[in-house]
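Start counting the sequence shown at 911; every next residue gets the next number (the working numbering).
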Amino acid sequence: MKAARSGTKDGLEKTKMAVMRKVSFLQRKDQSEEEDDAGYLDVAVSELKHPPPQLSPMPEGLSSHQVVRRHILGSIIQSERSYLESLRRILQEYQRPLMEAEPRILSTRKIRPIFYRMREITQCHAMFQIALASRVAEWDSNQKIGDLFVASFSKSMVLDVYSDYVNNFTGAMALIKKACMSKPAFLDFLKKKQASSVDRITLYGLMVKPIQRFPQFILLLQDMLKNTPKGHVDRLPLQLALTELEMLAEKLNEQKRVADQIAETQQLARSVGDRLLSKQLNSDQGALVLCETLVETVYGERGQVLKSKERKVFLFDDVLVCANINVKGPPDISSLVPVGPKYTMKWSAPLQQVQVVEVGQEGSHCKDTLFQQGGAKRAGTSGRAFLGPPRLYQELQELQHDLSVVEEVTLLVGTLQGMYQNLNTTVAQDWCLALQRLIRIKEEQLQSANKCRLRLQVPGRPDKSGRPVSFMVVLNTPSPLSKISWVNRLHLAKIAQRRPSRAEFRPQTLMALTRGTRGCQIMRDCCRGAGDRSRGMDVGKERELLRLCGREENSAGWLCGQDEGKAVAPFSCPLLACHMPVYATKSPERKLEAALHNPVHCALLGFSAASTSLPQGYFWVAGGDGPHGQIEIFSLNRPVPRPVKSLQVDATPRCLDYVPEAPPTEEAEPGAHKAPAGIGANICVGLDDGRVLVFGSVDAAAQSLQTLCSPERCAVLSLKHAGRFLFAGLRNGCLMVYGRSSDGCWDPASSRTVKLGSEPVRTLLVLDDSVWASSGNAVTAVDVCSLSTQTFEVHPDPMTSVAHMACAGGGVWMAFSEGSSIRLFHTETLELLQEFNISTRSTLLNTGQKSMRVTSLLICQGLLWVGTAQGLIITLPVPKLEGIPKITGKGMVSLNAHCGPVDFLVATSSGLSPELLKRDSVGDGPDSAFGGEDRSDTSSQESLQQSYQGEGRGKGRGVLLQYKLRSTSGLPGRPLTALGDEASDSSLESLEHSVEDGSIYELSDDPEMWVRGRPCERDGGRRDRVISAAVVSGGKGFRRLKEGAAAAARTSGEGLENILMVWQLPLTV
C-alpha cells in the first residue's frame, strides 16, 4: 500500500505484486518467468560429439602473414574457450546449487533475476564454438573466418539476449548486494565458492565478462585484419564482421551507460532536499551528462591544504550537483560485489551560473563577494581571493616585479665609476639569474597544479544586504584527461542550453521570454522580495523557468526517425555552436564554392582554451560572383570563428586543398648541400580560368607563392594532393598531375596529363596508394606512382555523374548529380555494398519536396553528414573502425537548416599534445606539484632560433601559436641556471624553462602578436591524443524547421546572405 500511495505506475505494479504474494491462487510470476526464458531453444551440446576447436600442427612454407593469422586464430580459440567455461561456471557452480539447495538460501523469485539470460548467452556461444571448430578444422585449405562472425552475431536474437542481460546487470548486482546484507547464508556461500576456485575470481568478476566480450572480439579481429593482405578472400568478410561487432558493442555500451546513469540519478534523487529538483530527477527531465568522484580541497591563507574529501559531482544538462559520499556496508561484501554508495547533497547550482576559473583569471570572474567552500571569507584589497594555486600566481607576479626592479638596479650598477667588492655588474647579474630560476620553478608549479585541478566559481546565497555571493570550489581530478573532459562537457552543456545570461534575470525580461501564464506564475513564485534574481531563487523552479525561456537552436536541434519524429536529447547529437555570415557585405550573386580547414597543431595550450575552443587552426571559405572571387579566412582559436583576413582573386575559385609541409628527405648525405626549407604548408586554390594559385598558410601571412596553369585554360573543378604529387581535375575530363621540385614548390615542367573521359572531373578522393577521380557516371582509380588507371561504372544512368565522394574504413560513399540515393562501394573489390535513399529521412518534416538532391557529403566521427539542395542536413550513423561504413541506424534531421542548397560540409579536427596530458604529481600541496615531468625540451629562445633558421636536427618546422608573452625568455643573461646550480638539489635542477606554458599565458586578441612554438617529436606517433572536432556547413541563409509544418527563413534579406553553421562535437578521449 505504501507503493500505491506514491501515485505512479511503478507504484501500482508494486502493489499488484504485493497482493499476488499474499494470495496463493494469484502466484503466477514464476511461470511467466519460465515462459520468458523459454524464448531461446535450449539444446544440450555434448563435448564428445562436438569437441572444442583445436588447431592442427603448423605446416611448412607459410608466409609471415599466414603465420601471424594462425597465431591470432589460436588466440580467438583460447579466448572463446575460456569465456564459455566462465559462463558454464556461473550456471553450474552458482545458479544450480542455489536452485537445488535445501533449505533454500535464496528464493527462486530472487535467483532468476540474478542470472537472467545467462543460459541463453551460454547456448549462443556453445553453438558458435561448434561452427568455429568446423572452420578451424579446414583452416589450412580455407583461411576464412570473418563470415563466421557475421553469421553468428548479426542475428537479432543475439542482440536481444545480450541487451536483456546488460539492462538487468545493475539490478542483478543490487539484488546480490541486498541478499548479502540480509542473508548471511548467501554471503557464506559466495565466500566459499570464491575460496574453492582456482583463480579466486568472484561472482561479479564472472558476470561482468559478457559485457566485455564483444570489445575483446573487436580487438582480435582488428589484429586479424591488419595481417590480412589486400586481395585475400577473408578481407571483406573481416571488415563486415568488424562492422557488425562494432554496431553490437555500441548498442550494448549505450544501454549499459543509460542503465548506470539511471541508477546514479535515482540514488541522488533520494538525497535531494529540493522537492521540485528531486521530482525532475525522478521523472528523467534532466539528462545526466557526466558524473565522477573528485577530491575537494580546502586551502588556508598561506596556500596550505586544510582538508580534502571525496565528492561525487553530477553534471546534468542544466544543473551541477555536488554530493557527499557515504559508503555503507561490511568490507567482506564489497570484496564480492561493488557496493554502491549513498549520497547526501552538498550543493547545487544552475549550470549557466557556474564558471570555470583557471589560475590567474580570477579578476574577470570574481566581481561578487568570494568565499571558499568550507572556509572563511577572503577578500583582498583588489577584490580577489588567492587560494592554493592562485597564491602561486600571486607569488609569480611578485617575483616578476622584483626581477624588473633588479634589472633596473643592474643597469644603474653598470654606471658606477668606482670598483667595489660586493657591488658590481657580476653580482647584479647573479641576482637576475637567481630570480629567473625562481620564476621558472614557480611557472612549473603553476603548470602542474593546473593540470588536475578543476576550479569552479559557484553562486551561493546572497548576503544580508542582497549582494550576490559566490564561493570557489577546488576539485582535484584523477588525471589531466578527466579535467579536460569536465571543462569540455561543461562548455557543451551550456551551448546545449542557450539560456539567458545572468543580466537577463529581471522580471520584465523573464515575462517577455516566457509569454505564458505558467512561466509568469513560476517567475512570481521564484523571485522573492523586490523580484530581483539576486534575492534568491529556488533551484528547482529556476530549472523549470529556464526550460521555458531557453532558445531553440539546441533545445530541439534534431529529429530522429526511430523515435517517430520526437526531438532528440540535446547532448546526444552535434550541438550548433554558432551561425554567422561569411562576408561583411551582402551580395545576392555571390555563391559559396568550397572550404577547408588549415590545421595548426598547438604544442602547448591552456586547459580551458583547449577544452572549449573549436579545433585549432584556420578556416578558408571561397566564393565568387562571376568574374571575381573572394576568399575569407577565419580563426578557430576560440569558441566562435573570427574573421582574420580576406583575399581577392580575379576569377571564381572552384576548389581548395590544404597541402601540409613535405617531410624532410632522409637520402641526403651528411656532406651534401642541404636543400632549402621550401614553401612549407600551403593552400592550393583552383580557379575557373584554369589556374591553380598556391598560398602560404595563415601563419605565413597567406601570401601568394606560386601560380600553375592548366592546358587550354580549362577550369579546375577539384584538387587533391597525394604524397609528393598534386592532382587537379579539369572540366574537359583530364587529370593534371604536378610533382614537387627540390625546393618544395610544385614543378609545372614535370606535369603530366591523364585522360579520364569526356565529362568533367567533379570530385577527387585520396585513398592509401591511389586517387579516385569521377568523370560522368564512372570512377577511375589512378595509381599515385605509376598513374595506371582502373575504371568502373557506379551508376546505370549515363546522364548522371558522380558529384561527391566520402571515405571511411573500407568503403566509399558516393552521391550523384541527380536523385536522392547514395551508394557505398568497397575500396578494394569495387563491389556495391549498400544503397540508401535519403528522401525517407526528410518525411519527418513537411518540406513540400517529393525528391531530394544531395549537394554535399562528409563522414566525421561515426556520422555520415548529407547536405541537400533544400538546405536540410541529415546525419546517418556509420561505424568508426576499420570495417565497412554501412548505415546502421535511421539517422537524424537537423532542425537548423539553410534556405538554399548546402554548398559544403567540412570537418575540422585537431589533437591536443600529449605534453598537456602529463601529470607530474598527485599531491595536493603546492610544493608537491612539480618535479617529475620530462624536461628534455630546449628553451623557448633556442626554439625560436631553430625555427627561424630552419634547422632542428631532423625536426619539422614549428607552428605559430597566438600567445601573449609573460615568460622570462626575453630577459638578458643566460636562459637557464646561475653559476653553482650544478651542486643544487636535483629536484630543482631539472626544472628548466620550456616552451611558453599555455596554462599561464592568455590568448592574445591582437592577431599581430605571435610566438613560434617547437614541434614535439612524439606527437606524430602517439594515438592517445585528445581529438577536438567540429563540422562547418555553408549555404544561403539560416532557418529553423518545425516538425510537420513548412519552415520559414529567420534571417533578413530573404535568406540571400551566405551563412556558416558550426556544429561542435564532444572531445574524443
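Here a beta-carbon is modelled for each residue, glycine too, at the ideal position from N, C-alpha and C. These figures come from a predicted structure and were not determined experimentally.
**Message:** Quick check on D1813: does DSSP put it in helix, strand or coil?
**Reply:** strand
**Request:** Would you check if the distance between the CB atom of L1640 and the CB atom of V1692 is smaller than 8 Å?
**Result:** no
**Asked** Does DSSP classify D1057 as helix, strand or coil?
**Response** helix
**Request:** Assess, as a yes-or-no matter, whether the stretch 1940-1953 is touched by the stretch 1807-1821 under the definition of 3 or more beta carbon pairs within less than 8 Å.
**Result:** yes
**Item:** V1569 beta carbon less than 8 Å from that of G1539
**Value:** no
**Item:** Stretch-stretch touch, CB-based, cutoff 8 Å, three pairs: the stretch 1136-1152 with the stretch 1738-1752
**Value:** yes
**Request:** Could you say which of E1728, V1323, G1527 and Q1346 lies nearest to L1313 if we only look at CA atoms?
**Result:** Q1346
**Contact belief for L1791 with V1936 at Cβ below 8 Å, rounded distance in angstroms** = About 19 Å separates the two Cβ atoms, so there is no contact after all.
**Prompt:** What is the DSSP secondary structure of V1979, reduced to helix, strand or coil?
**Reply:** coil
**Item:** Nonlocal neighbours in the same chain, by C-beta distance under 7 Å from L1805, ignoring five residues either side
**Value:** A1466, G1467, W1468, L1469, R1950 and L1951
**Prompt:** In whole angstroms, what is the alpha-carbon distance linking G1686 and E1728?
**Reply:** 12 Å
**For E995, the first and last residue of its enclosing beta strand (DSSP E)** = Element bounds for E995: not the beta strand (DSSP E) but the alpha helix (DSSP H), S974 to R999.
**Request:** Please state whether DSSP places K1952 in a helix, a strand or coil.
**Result:** strand
**Asked** Going straight from the alpha carbon of L1402 to that of D1050, what length do you get?
**Response** 53 Å
**Request:** Under the assumption that R1650 contacts R1634 (Cβ atoms under 8 Å), give the Cβ distance between them as a whole number of angstroms.
**Result:** 5 Å
**Item:** Residues of its chain near L1966, where Cβ-Cβ distance is below 6 Å and the 5 sequence neighbours each way are ignored
**Value:** P1498
**Item:** I1031 burial status per 10 Å Cβ neighbour count (16 or more: buried)
**Value:** buried
**Asked** If you compare alpha carbons, which of V1531, L1557 and I1969 is closest to E1503?
**Response** V1531
**Item:** Residues near R931 in its chain [Cβ-Cβ closer than 6 Å; skip 5 each side]
**Value:** With a pLDDT of 47 at R931, under the threshold of 50, the modelled position of that residue is not reliable, and the figure given next carries that caveat. Excluding residues within five positions, none has a Cβ falling inside 6 Å.
**Prompt:** Between P963 and the rest of its own chain, which residues show a CB-CB distance below 6 Å, the 5 nearest in sequence each way excluded?
**Reply:** I987, L1042, A1043 and V1046
**Message:** Within the continuous beta strand (DSSP E) that includes L1618, where are the two ends?
**Reply:** S1614 to C1619
**Item:** C-beta atoms of L1546 and G1533 nearer than 8 Å
**Value:** no
**Item:** C-beta contact flag for V1764 and A1716 at 8 Å
**Value:** no
**Asked** Which residues bound the beta strand (DSSP E) around L1782?
**Response** Segment: none, L1782 is in no beta strand (DSSP E) and carries neither H nor E.
**Asked** So, is Y1330 buried or exposed, given that buried needs 16 or more other C-beta atoms within 10 angstroms?
**Response** exposed
**Request:** Tell me whether G1056 is buried or exposed, calling it buried when 16 or more other Cβ atoms sit within 10 Å of its Cβ.
**Result:** buried
**Request:** Let me know the alpha helix (DSSP H) ranges lying completely inside the stretch 1011-1065, each 4 residues or longer, listed in chain order.
**Result:** 1018-1024, 1028-1047 and 1056-1063
**Request:** Given a cut-off of 8 Å, decide if L1261 and L1230 are closer than it, judged by their beta-carbon atoms.
**Result:** yes
**Asked** What residues in its chain sit with their C-beta under 7 Å from that of V1979, if we drop five residues either side in the sequence?
**Response** L1391, S1395 and V1936
**Request:** Within the same chain, show all residues whose beta-carbon is closer than 6 Å to that of H1489, passing over the 5 residues directly before and after it, in chain order.
**Result:** F1948, I1969 and M1971
**Message:** Between which residues of its own chain and V1788 is the CB-CB distance below 8 Å, once the five residues before and five after are set aside?
**Reply:** A1718, I1769, G1772, L1773, L1774, P1795, K1796, I1797 and T1798
**Message:** With H, G and I counted as helix, E and B as strand and the rest as coil, what does DSSP make of V1664?
**Reply:** strand
**Request:** Find out if the Cβ-Cβ distance for the pair P1563, V1595 is shorter than 8 Å.
**Result:** yes
**Message:** Using only the alpha-carbon positions, how far apart do L1178 and Y1253 sit?
**Reply:** 6 Å
**Request:** Use the C-beta contact count for D1227: other C-beta atoms within 10 angstroms, 16 or more gives buried, fewer gives exposed.
**Result:** buried
**Asked** Hey, how far is the Cα of T1785 from the Cα of V1076?
**Response** 27 Å
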